[in-house]
Each structure stands twice: as structure tokens, then as C-alpha cells.
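The number in this note's numbering is simply the position in the sequence shown, starting from 1, with 390 added. We put the CB at the ideal spot given by N, CA and C, even for glycine. Predicted model only: the values in this text are computed from it and were never measured. Each remark here refers to the structure printed beneath this line.
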Amino acid sequence: MQIDKLKGQELDDLFDGILSLETKEDCYKFFDDICTSNELVALKQRFQVAKLIDEGKTYSKIQEETGASSATVSRVKRCLDYGSEGYKTVLDRLK
């Protein structure tokens with residue numbers, strides 16, 4: 391796992407903070423403070439790509455709908471297939 395190198399109290403604190411958010415409005419406020427606009431755009435784009443891959447859309451359709459590069463679509467697909475199952479966990483819970 392890529393994140394293993396980053397594990398520690400600071401990252402635990404960040405995740406505990408995220409887990410404490412109770413509403414979408416809490417999320418909007420927190421992520422507005424902690425992320426740049428570009429970081430949020432990248433995060434939401436990757437998540438949309440994951441949703442569309444999970445729905446069985448083609449790479450070209452995903453790129454068209456999200457504006458994501460082929461590299462981004464491929465990276466998300468690789469994470470869905472061989473990653474830590476984080477996307478899968480969230481996508482399954484949202485169904």
C-alpha cells in the first residue's frame with residue numbers, strides 16, 4: 391500500500407477529523423479550508439471516474455464526461471483492480 395509510508399499520528403489525526411464530520415455542509419467547510427480548488431477538482435474527478443468505471447462506461451465516455459486524461463482513467467482503473475479496495479468500499483456503501 392502506498393499509504394503505509396505515511397502512516398502515523400498526524401495522518402490518524404487527519405482521518406479522525408474527517409470521520410468526525412457529520413453533514414455535507416461540515417465536509418464543504420472542512421475541505422474548503424484544507425484543500426486548494428485544484429486539489430478538490432482532482433479528488434472529485436477521480437471519484438467520478440471510479441463511479442463511471444464501476445458502472446461499466448468506456449474509457450472514451452469517461453474522458454468525455456469528466457474531462458479526465460487517459461492517464462487518470464487508467465490510474466483509477468488500476469486502483470479499482472489492484473488497489474487497497476478503498477474505492478470499492480465507498481462505491482459499495484453508496485449503492
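Residue i vs residue j beta-carbon contact at 8 Å
i: residue 456; j: residue 439; result: yes
i: residue 435; j: residue 461; result: no
i: residue 409; j: residue 417; result: no
i: residue 447; j: residue 481; result: no
Residue i classed as buried or exposed, judged by whether at least 16 other C-beta atoms fall within 10 angstroms
i: residue 469; result: buried
i: residue 466; result: buried
i: residue 393; result: exposed
i: residue 443; result: buried
i: residue 431; result: exposed
i: residue 463; result: buried
Cutoff 8 Å: residue i Cβ touching any chain B Cβ
i: residue 466; result: In the displayed structure, chain B is absent; only one protein chain is listed.
Legend entry - Contact between the segment 445-453 and the segment 470-478 (3+ Cβ pairs under 8 Å): no
Legend entry - Completely contained alpha helix (DSSP H) runs for the segment 391-439, where each covers 4 or more residues: 399-409 and 414-424
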